[in-house]
Amino acid sequence: MDGTGWKRFRLREKKSEAEGVKSFIFESAETPMYFLPGQHVIIRFPDLEGDQRGKMRHFSISTSPLEGKYIGITTTIEPSDSPFKMKLDSLGKGEEVDVFGAIGKFIFEPGLWKERIVVLVAGGIGITPFRSMIKYALSMNGNFRIRLLYSGKTSNSLVFRNELDGLATGDSRLKIFYTVTGEPEGSGNLHRGRVDQEFIRANVEELDNAIFYICGPPRMVEEETRVIVLGLGVDRSRIRTEQFLGY
Ligand SMILES: Cc1cc2nc3c(=O)[nH]c(=O)nc-3n(C[C@H](O)[C@H](O)[C@H](O)COP(=O)(O)OP(=O)(O)OC[C@H]3O[C@@H](n4cnc5c(N)ncnc54)[C@H](O)[C@@H]3O)c2cc1C
């Protein structure tokens, strides 16, 4: 650490997760980083030039604190990407980045979740903090029920799908409801359309006892918050949000 809260981490593994989405698993080059499920980090390339959005980006940690001394981030990688993303994707095993964190209050709270229906609403890459929260929460004995409502453009773009399905098969506290927005009717067996009032009512029991976590691009988070507050009459105090600025 350099005295300012930044630490050096080295790339341990890079893996493809879904169409145009990769995870980057880092290992501390110094002391481990402690974090709560749902928190995020800032990644910096001090020598990066020519990126209009600068040398840093925020990323939710997609790994669980129980997955050892590693932190993983998961992001979209496309051919038209920013210099930042190109640099990230070009990292070789053992190469170092600066990491700040962990920060943020969008977290798993055992006391709050107890005896509740916890509705996690993910839009696209907004699934990342939920993987961490779900993996961690299911390792505990709490009597909460998680309802993950996950929308993506296509079925191939749904990140962590096999893994999440496996977790739901192994633990009845987790139920997952997918919906896709960019596939024509009849081209698969997933629900079509956005996470709207009807979709929530159909899949979430006991709305009066529910707390909501919403994560994804800012416009999606704002839209979902409106649906849940105005459409379902849920008080804002029962809603937590994380906006992925930059999308
Ligand atoms: C708390 C928090 C947590 C986050 N967690 C995650 C996460 O887990 N995963 C994740 O992927 N992202 C996350 N983000 C968003 C992340 O920080 C980046 O903003 C995002 O990945 C976009 O990266 P990029 O700017 O390199 O753009 P790219 O990924 O290269 O592009 C994204 C989009 O922006 C457009 N674009 C690119 N550059 C510009 C520009 N200069 N001006 C205008 N439009 C442009 C592209 O055409 C594309 O549509 C998080 C953000 C916050 C605040």
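Numbering-wise, the sequence shown is residues 0 to 246 according to numbering that gives the first Met the number 0.
We put the beta carbon where it would ideally sit given N, CA and C, even for glycine.
Please read all numbers here as calculations on a predicted model, not as lab measurements.
Nearest residue (CA-CA) to residue i, options the options
{"i": "Phe-105", "options": "Cys-214, Leu-163, Gly-67 and Phe-176", "result": "Cys-214"}
{"i": "Asp-232", "options": "Leu-244, Gly-122, Thr-74 and Asp-207", "result": "Inspection of the sequence shows that residue 232 is occupied by Gly rather than by Asp. Answer by Cα proximity: Asp-207."}
{"i": "Val-118", "options": "Phe-243, Arg-237, Gly-93 and Gly-245", "result": "Arg-237"}
{"i": "Glu-18", "options": "Met-55, Ser-156, Glu-241 and Met-85", "result": "Ser-156"}
{"i": "Gly-181", "options": "Leu-229, Gly-192 and Ser-171", "result": "Gly-192"}
{"i": "Val-120", "options": "Gly-110, Glu-222, His-57 and Glu-205", "result": "Glu-222"}
{"i": "Gln-51", "options": "Pro-64, Ala-28, Ser-61 and Phe-83", "result": "Phe-83"}
{"i": "Glu-162", "options": "Ser-61, Lys-13, His-57 and Trp-5", "result": "Ser-61"}
{"i": "Lys-113", "options": "Tyr-69, Asn-142, Lys-14 and Val-194", "result": "Asn-142"}
{"i": "Phe-58", "options": "Lys-68, Val-40 and Pro-45", "result": "Val-40"}
{"i": "Asn-140", "options": "Gly-165, Arg-172, Ile-70 and Ser-154", "result": "Arg-172"}
{"i": "Leu-147", "options": "Ala-167, Ser-89 and Ser-138", "result": "Ala-167"}
Reduced DSSP category for residue i - H, G, I as helix; E, B as strand; rest coil
{"i": "Gly-151", "result": "strand"}
{"i": "Lys-174", "result": "strand"}
{"i": "Gln-242", "result": "strand"}
{"i": "Ala-167", "result": "helix"}
{"i": "Leu-119", "result": "strand"}
{"i": "Asp-234", "result": "coil"}
{"i": "Arg-200", "result": "helix"}
{"i": "Ile-76", "result": "coil"}
{"i": "Glu-162", "result": "helix"}
{"i": "Ala-136", "result": "helix"}
{"i": "Ser-89", "result": "helix"}
{"i": "Ile-106", "result": "coil"}
{"i": "Ile-145", "result": "strand"}
{"i": "Pro-293", "result": "Residue 293 lies beyond the residue range present for the chain, which begins at 0 and ends at 246; the question has no answer from this structure."}
Residues sharing a beta bridge with residue i, DSSP
{"i": "Met-55", "result": "Arg-43"}
{"i": "Ile-213", "result": "Val-120 and Thr-240"}
{"i": "Lys-6", "result": "Val-98"}
{"i": "Lys-14", "result": "Ser-22"}
{"i": "Val-179", "result": "Gly-151 and Arg-191"}
{"i": "Gly-71", "result": "Ile-24"}
CB-CB length for residue i against residue j, believed under 8 angstroms
{"i": "Thr-73", "j": "Ser-22", "result": "4 angstroms"}
{"i": "Phe-107", "j": "Pro-31", "result": "No, Phe-107 and Pro-31 are not in contact; Cβ-Cβ is about 19 angstroms, not under 8 angstroms."}
{"i": "Gly-123", "j": "Gly-103", "result": "With 8 angstroms as the limit, Gly-123 and Gly-103 do not qualify as a contact, their Cβ atoms being about 19 angstroms apart."}
{"i": "Phe-25", "j": "Arg-9", "result": "7 angstroms"}
{"i": "Thr-178", "j": "Phe-198", "result": "6 angstroms"}
{"i": "Ile-116", "j": "Val-203", "result": "6 angstroms"}
{"i": "Gln-38", "j": "Ala-101", "result": "4 angstroms"}
{"i": "Val-98", "j": "Lys-6", "result": "5 angstroms"}
*Measuring from each Cβ to the nearest heavy atom of ligand 1, keep the ones under 5 angstroms and list them in chain order.*
His-39, Gln-51, Arg-52, Arg-56, His-57, Phe-58, Ser-59, Thr-74, Asp-80, Ser-81, Phe-83, Lys-84, Ile-124, Thr-127, Phe-243, Leu-244 and Gly-245
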